[in-house]
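These notes are about the structure you will find just below.
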Amino acid sequence: MANKISVGLIQMDVLWGDPLGNIEKAKEMLNSIEDCDVAVLPELWSCSYQNERLSEHAQFTHKCLDVVANWCVDRASWSLAGSLPFSEGGALYNRAFWIDPTGTLVAYYDKVHLFPLLEEPSNFVAGNSPLITSVCGVPSGTAICYDIRFPEYIRRIALEDVWVLFVCAQWPLSRIDAWKTLVRARAIENQMFVVAVNRCGKGGGDIYGGHSTVVAPDGQVLMEMELDEGVVTVELDMAILHRTRKVMRVFDCRRKDLYGFPGEI
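If you read the sequence shown in our numbering, its first letter stands for residue 179, the second for the next number, and so on.
Shown next, in the form of structure tokens:
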């Protein structure tokens, strides 16, 4: 397993309902990023929540993935290619994709908790399971936006000995204090890195909050962006994780007899 990994966060001002424009923007931002092991894009970066045209926008998802896959091959890097509207079996999913350094789509995650205020339950089918995958040899989990409001769900992921939780989001500025608190809380209580990439800018009458953030397992905020569009690279040192878990043995103190998950021993 890797001792350190570098992560590139792409905080993007998503153009409302403009997949082709967003593809060009994502390409430019990916190409501007410093060398990194993993690049992370935000939620629904191809179109945002233009709900009445999501099925139409889903037709561009493969083109979006091709752009990211080409970048992965060129840079020999991984990418959480954000989430995109994906059509399958007559249904739409808010789906996040993992692409490896060969440009292969190796895993995907369908958003489990759909957000009622954005009418997601009327437009998407919810996923039914978490995703745990090895990224650069590091056990990693994936979450999308609203998922981080559910600590029991993130704890279930953490119990698979996950070291890094990657989050892509479209979180509004009006609730940005909650975003900062939730991201940090999920890192502290689960003693894992949280890499949380949010979009910025305006769209559909909303202002999005940016403040993409990386938090260490001990709660230290390693990096927090502001409101502007941009790209930042951060190094994750797994020694911090091992030291934190060795000193503060939270998982050993859990009362599984009182609140364990089904099947836990």
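For every residue, glycine included, the Cβ atom is placed at its ideal position computed from N, Cα and C. Keep in mind it's a predicted model, so treat the numbers as computed, not measured.
>> For G199 and E230, what's the separation of their Cα atoms in angstroms?
In response: Looking up residue 199 in the sequence shown gives position 21. Looking up residue 230 in the sequence shown gives position 52. Cα to Cα, the separation comes out at about 19 angstroms.
> Which one of Y331, N181, M207 has the shortest CA to CA distance from H291?
Replying inline: Position 113 of the sequence shown, counted from the start, is the residue given in the question as residue 291. Among Y331, N181, M207, the Cα nearest to that of H291 is on Y331.
> Where DSSP assigns a beta bridge to D415, which residues make up the other side?
Replying inline: For the purposes of this step, residue 415 is identified with residue 237 of the sequence shown, where counting begins at 1. BP columns for D415 point to K182.
> Nearest-angstrom Cα distance between L193 and L296?
Replying inline: Position 15 of the sequence shown holds residue 193. Position 118 of the sequence shown holds residue 296. Spanning the two alpha carbons is a distance of roughly 17 angstroms.
> Where R333 and G267 are concerned, what is the direct C-alpha to C-alpha distance, given to the nearest angstrom?
Replying inline: Along the sequence shown, one-based indexing puts residue 333 at 155. Along the sequence shown, one-based indexing puts residue 267 at 89. Cα to Cα, the separation comes out at about 31 angstroms.
> Between C346 and P263, which are expected to be in contact by the criterion C-beta below 8 angstroms, what is the C-beta distance as a whole number of angstroms?
Replying inline: Here the question's residue 346 lines up with position 168 in the sequence shown. Here the question's residue 263 lines up with position 85 in the sequence shown. Not quite, the Cβ-Cβ distance comes to about 13 angstroms (not below 8 angstroms), so this is no contact.
> Fully enclosed by the segment 314-359, which alpha helix (DSSP H) runs are 4 residues long or longer?
Replying inline: Restricting attention to alpha helix (DSSP H) runs no shorter than 4 residues, the segment 314-359 encloses them at 329-336, ordered along the chain.
>> Quick check on this structure: which residue in Q237, H235, L258, P197 has the alpha carbon closest to the alpha carbon of L187?
In response: Here residue 187 refers to the residue found at position 9 when the sequence shown is read from its first residue. Closest by alpha carbon: L258.
> With 16 other CB atoms within 10 Å as the buried threshold, where does C431 fall?
Replying inline: Here the question's residue 431 lines up with position 253 in the sequence shown. It counts as exposed.
> How about V246 and V375: do their beta carbons lie closer than 8 angstroms?
Replying inline: Within the sequence shown, residue 246 is the residue found at index 68, counting from 1. Within the sequence shown, residue 375 is the residue found at index 197, counting from 1. No, the pair does not count as a contact, with Cβ atoms beyond the cut-off.
>> Given this structure, state the Cα-to-Cα distance separating R377 from A321, to the nearest angstrom.
In response: Residue numbering aside, residue 377 sits at position 199 when the sequence shown is read from its first letter. Residue numbering aside, residue 321 sits at position 143 when the sequence shown is read from its first letter. Straight-line Cα distance between these residues: approximately 15 angstroms.
>> Quick check: the Cα distance between V274 and D215, rounded to an integer number of angstroms?
In response: The residue you call residue 274 lines up with position 96 of the sequence shown. The residue you call residue 215 lines up with position 37 of the sequence shown. The residue you asked about is not Val; residue 274 is Ala in the sequence shown. Rounded to the nearest angstrom, the two C-alpha atoms are 18 angstroms apart.
>> Please give me, in chain order, every unbroken run of the alpha helix (DSSP H) with length at least 4 that falls completely inside the segment 213-301.
In response: 232-235, 239-253, 298-301
>> Is the beta carbon of D191 closer than 8 angstroms to that of G379?
In response: Position 201 of the sequence shown, counting from 1, holds the residue named residue 379. Position 13 of the sequence shown, counting from 1, holds the residue named residue 191. In this structure, D191 lies closer than 8 angstroms to G379 by Cβ.
> For the candidate residues K289, Q348, G281, whose alpha-carbon lies nearest to that of G319?
Replying inline: Locating residue 319 in the sequence shown gives position 141, counting from the first residue. Out of K289, Q348, G281, K289 has the C-alpha closest to the C-alpha of G319.
> Could you give the distance in angstroms between the alpha-carbon of R427 and the alpha-carbon of L419?
Replying inline: In the sequence shown, residue 427 corresponds to position 249, counting from 1. In the sequence shown, residue 419 corresponds to position 241, counting from 1. Cα to Cα, the separation comes out at about 12 angstroms.
> If we count the other Cβ atoms within 10 Å of its Cβ and call it buried at 16 or more, is V342 buried or exposed?
Replying inline: Working through the sequence shown from its first residue, we reach residue 342 at position 164. It counts as buried.
>> Is the beta carbon of E413 closer than 8 angstroms to that of S184?
In response: Your numbering for residue 184 matches position 6 in the sequence shown. Your numbering for residue 413 matches position 235 in the sequence shown. In contact: S184 and E413 (Cβ atoms closer than 8 angstroms).
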